[in-house]
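A.B. asks:
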Amino acid sequence: MAQAETSAKRMEHVIRAYIEACNDADADAIAACFCPEAIHYFPSPILKWSGAATIASHFAMRVREHEICSTVDRLLIDADRSEAVVEWTMFMGKPAPVVRRGVEWYVFEPQTWRIQEIRGYTAALLDSGMPRQELLEFDYVGRGYPT
1 MAQAETSAKR MEHVIRAYIE ACNDADADAI AACFCPEAIH YFPSPILKWS
51 GAATIASHFA MRVREHEICS TVDRLLIDAD RSEAVVEWTM FMGKPAPVVR
101 RGVEWYVFEP QTWRIQEIRG YTAALLDSGM PRQELLEFDY VGRGYPT
């Protein structure tokens with residue numbers, strides 16, 4: 001029980017540090033939260049970002065360009081599986097004020113407690129004309145999801 005509690009606290013710490021680093025547009029601090037080979041998946045039509053440095057530089061740039069600030073609204077952690085789910089709110093100031101809500105599924109590397117993977121989902125459809133609205137380049141079949 002104590003091991004699971006410690007693992008959960010470590011995952012929560014990394015998630016909160018990541019969100020804070022994103023809000024600060026601090027690419028070095030963002031990258032430090034990820035495994036070097038990490039992947040961040042997005043809803044269609046956005047392609048995945050691969051690698052801690054790529055993820056970090058993209059987020060830092062977007063936060064500065066669009067005046068983005070995100071919050072952690074709810075957090076669920078499964079310490080046994082080294083996974084967590086975050087419900088978030090994103091506030092964007094440019095080009096026009098927007099509030100976007102969503103959920104991200106985090107997978108951690110248990111030896112380092114760095115993020116291996118994030119799968120992001122938004123509360124509103126990004127393109128209602130697409131017949132399959134899912135993460136691009138994500139191996140649904142290989143991971144046992146229904147198709």
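Numbering (this note's numbering), first residue to last: 1 to 147.
Glycine included, C-beta positions come from ideal geometry on N, C-alpha and C.
If we require 3 or more residues per run, which beta strand (DSSP E) segments fall completely within the stretch 15-60?
C.D. replies: 34-41
A.B. asks: Determine, using beta-carbon pairs with one atom in the stretch 90-98 and one in the stretch 15-33, whether at least three such pairs fall under 8 angstroms.
C.D. replies: no
A.B. asks: Tell me where the beta strand (DSSP E) around residue 109 begins and ends.
C.D. replies: 98-109
A.B. asks: Hey, quick one: how far does the beta strand (DSSP E) through residue 70 stretch, first residue to last?
C.D. replies: 68-78
A.B. asks: Confirm, please, whether the CB-CB distance from residue 120 to residue 41 is below 9 angstroms.
C.D. replies: yes
A.B. asks: Whole angstroms is fine: what's the gap from residue 7's alpha carbon to residue 46's?
C.D. replies: 31 angstroms
A.B. asks: For the stretch 81-88 against the stretch 52-66, are there 3 or more C-beta pairs whose distance is under 8 angstroms?
C.D. replies: no
A.B. asks: Based on DSSP bridge pairs, tell me the residues matched to residue 90.
C.D. replies: 70 and 100
A.B. asks: I'd like the span of the beta strand (DSSP E) that includes residue 140, first residue to last.
C.D. replies: Careful: residue 140 lies outside any beta strand (DSSP E) and carries neither H nor E.
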